[in-house]
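Chemist: If you scroll down you'll find the structure; I have some questions about it.
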Amino acid sequence: MTTPYLFAFDFDGTIARTFEPSPSNLDVREAYRRGIRSVFGEKGAETYKKIGGLKNNAPTELVQRMLDADTNGRLREHALSLLGKGLIFIEDPLKDITELLIAEKLACLESEIGKEMPDGSIWPKQCEGFSKFWGALQGLKQEGIDITTGIVSSGHTDIIKRVFGLYELTEPDIIVSEDEIRPRRHPIEISRRAKPGQLQMALLHKEWLELKSGGTRVIGLSQKALSTRDNIVYFGDDPYKDGKLAEGARVTFGLLSPNGNVPLLNEGQFSFRNWTEVSGILALNAAMLKEGVFIGEVLGLPSIEGRMGSKERL
11 MTTPYLFAFD FDGTIARTFE PSPSNLDVRE AYRRGIRSVF GEKGAETYKK
61 IGGLKNNAPT ELVQRMLDAD TNGRLREHAL SLLGKGLIFI EDPLKDITEL
111 LIAEKLACLE SEIGKEMPDG SIWPKQCEGF SKFWGALQGL KQEGIDITTG
161 IVSSGHTDII KRVFGLYELT EPDIIVSEDE IRPRRHPIEI SRRAKPGQLQ
211 MALLHKEWLE LKSGGTRVIG LSQKALSTRD NIVYFGDDPY KDGKLAEGAR
261 VTFGLLSPNG NVPLLNEGQF SFRNWTEVSG ILALNAAMLK EGVFIGEVLG
311 LPSIEGRMGS KERL
């Protein structure tokens, strides 16, 4: 029986360069700025600037920051007027305003996807070498290595699928986006629902284990999750949001840093400038994957303290 591996990824800035402007000078940050102005008005735009802008927040997290800064309630009142003046929020202000913001943001971004750039490429451009890397993963799968791919993103499932289609790449096996998090009632704390909180990674891990068990409920899920951490690697471009997420989950982490500016990384973490570098490592060590060596060793890292090494699992 082959050892299963989970390759998990952030999306924005890790797979797609959505923080770079489109031909219409739109990117994720600008879409949020416009969405904030539409939902909260000019005062909201001023508040957004005062609180430091997006800061790589999930939509719910950003709206909560805006409401926390809304000392006189005017921003909330402006958003309420969009739903119908004098109406009471159907559920709660945070949820409803978040839905408004997402709708405004997507209205900006959706028409930009696939537009041709001056250099003949399409927006959003891929992060360098990603197609080659993704193709290498599919090749390893065809060689019999049990690899599942998953996305953990504060973005949106439809956008992610659309961009993969644009790149003519096989869709990820599992996507856990903001769209899967918002409908959930628990946990209540936003710090647990948004990166570097563990909810998205926990959901991805659970869905992966269920996928590997043929879609049936996994008995002893907690123990199974502990024993499979060595088989998981997570890639992202934010050393705090993504790095801390991986650290909390106790999984291997790869930081994409195209400019080479890398903070001090923790145990079980590494950095790379482009996806071609990771493709090369996997090609060089494909035999180790076939042998079931834990993913950190494949990538040249020591075992993370506090989790099982590959020999301990035997």
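Here the working numbering is used: position 100 in the sequence shown is 110, and no number is missing along the way.
Backbone N, C-alpha and C fix where the C-beta goes; we use that ideal spot for every residue, glycine too.
Between Asp189 and the rest of its own chain, which residues show a CB-CB distance below 7 Å, the 5 nearest in sequence each way excluded?
Modeler: Looking up residue 189 in the sequence shown gives position 179. His166 and Thr167.
Chemist: Would you mind giving the Cβ-Cβ distance between Leu311 and Phe280, rounded to the nearest angstrom? I have them listed as a contact below 8 Å.
Modeler: For the purposes of this step, residue 311 is taken as residue 301 along the sequence shown, with counting starting at 1. For the purposes of this step, residue 280 is taken as residue 270 along the sequence shown, with counting starting at 1. About 6 Å separates the two Cβ atoms, so the contact holds.
Chemist: Near Cys118, which residues of its chain fall below 8 Å by C-beta distance, leaving aside the five closest residues on each side in sequence?
Modeler: Taking the first residue of the sequence shown as position 1, residue 118 is located at position 108. Short of 8 Å from the beta carbon of Cys118, and not among the five residues preceding or following it, lie these beta carbons of its own chain, in chain order: Leu36, Glu40, Ala41, Arg44 and Gly45.
Chemist: Would you give the residue range spanned by the alpha helix (DSSP H) that Ser289 belongs to?
Modeler: Sequence index remark: in the sequence shown, residue 289 carries index 279 (1-based). Trp285 to Leu294 is the span of the alpha helix (DSSP H), which, as asked, contains Ser289.
Chemist: Measure the alpha-carbon distance for Asn271 versus Phe21 and round it to whole angstroms.
Modeler: The residue labelled residue 271 in the question sits at position 261 within the sequence shown. The residue labelled residue 21 in the question sits at position 11 within the sequence shown. Cα-Cα distance, rounded: 20 Å.
Chemist: Lys222 and Pro69 look like a contact to me (Cβ under 8 Å); what is the Cβ gap, rounded to whole Å?
Modeler: Taking the sequence shown and counting its residues from 1, the one referred to as residue 222 is at position 212. Taking the sequence shown and counting its residues from 1, the one referred to as residue 69 is at position 59. With a Cβ gap of about 31 Å, Lys222 and Pro69 do not count as contacting.
Chemist: Can the beta-carbon of Gly66 be found closer than 9 Å to that of Lys251?
Modeler: In the sequence shown, counting from the first residue as 1, residue 66 sits at position 56. In the sequence shown, counting from the first residue as 1, residue 251 sits at position 241. Per the sequence shown, residue 66 should be read as Asn rather than Gly. Going by C-beta atoms, Asn66 is nearer than 9 Å to Lys251.
Chemist: Is the separation between the beta-carbon of Val261 and that of Arg239 shorter than 9 Å?
Modeler: In the sequence shown, residue 261 corresponds to position 251, counting from 1. In the sequence shown, residue 239 corresponds to position 229, counting from 1. Yes, these two residues count as a Cβ contact at 9 Å.
Chemist: Jot down the residue ranges of each uninterrupted alpha helix (DSSP H) in the segment 195-268, minimum 4 residues, whole runs only, in chain order.
Modeler: 200-203, 209-222, 231-237 and 251-259
Chemist: Would you decide whether Leu72 is buried or exposed? Buried here means 16 or more other CB atoms lie within 10 Å of its CB.
Modeler: Counting from 1 along the sequence shown, the entry for residue 72 is found at position 62. Leu72 comes out buried.
Chemist: Restricting to runs no shorter than 3 residues, where is the beta strand (DSSP E) found entirely within the segment 123-191?
Modeler: Secondary structure in the segment 123-191: the beta strand (DSSP E) runs of 3 residues or longer, each lying completely within the stretch, are 156-162 and 184-186 in chain order.
Chemist: Kindly indicate which three-state DSSP category Phe50 falls into: helix, strand or coil?
Modeler: Position 40 of the sequence shown, counted from the first residue, corresponds to residue 50. If DSSP states are grouped into helix, strand and coil, Phe50 belongs with the helices.
Chemist: Taking the alpha-carbon positions, what's the Ile242 to Glu120 distance?
Modeler: Stepping through the sequence shown from its first residue, residue 242 is reached at position 232. Stepping through the sequence shown from its first residue, residue 120 is reached at position 110. Roughly 32 Å between the two C-alpha positions.
Chemist: Who are the near neighbours of Pro249 in its chain, counting only those whose CB is closer than 7 Å to its CB and skipping five residues on each side?
Modeler: Taking the first residue of the sequence shown as position 1, residue 249 is located at position 239. These residues qualify, in order along the chain: Leu265 and Pro273.
Chemist: According to DSSP, is Asn79 helix, strand or coil?
Modeler: Counted from its first residue, the sequence shown places residue 79 at position 69. Correcting the residue type first, residue 79 is Ala in the shown sequence and not Asn. If DSSP states are grouped into helix, strand and coil, Ala79 belongs with coil.
Chemist: Below 8 Å on the Cβ atoms is my contact criterion, and I expect Thr28 with Val38 to pass it. Report the Cβ-Cβ distance as a whole number of Å.
Modeler: Position 18 of the sequence shown, counted from the first residue, corresponds to residue 28. Position 28 of the sequence shown, counted from the first residue, corresponds to residue 38. About 5 Å; that satisfies the 8 Å criterion.
Chemist: Would you report the Cα separation of Pro33 and Ile61, rounded to the nearest angstrom?
Modeler: Within the sequence shown, residue 33 is the residue found at index 23, counting from 1. Within the sequence shown, residue 61 is the residue found at index 51, counting from 1. Roughly 28 Å between the two C-alpha positions.
Chemist: Which first and last residues belong to the beta strand (DSSP E) in which Leu16 is found?
Modeler: Translated into the one-based positions of the sequence shown, residue 16 becomes position 6. Start and end: Pro14 to Phe19.
Chemist: Looking at Leu90: is its Cβ nearer than 9 Å to the Cβ of Pro103?
Modeler: On the sequence shown, position 80 is the one that residue 90 refers to. On the sequence shown, position 93 is the one that residue 103 refers to. Yes, these two residues count as a Cβ contact at 9 Å.
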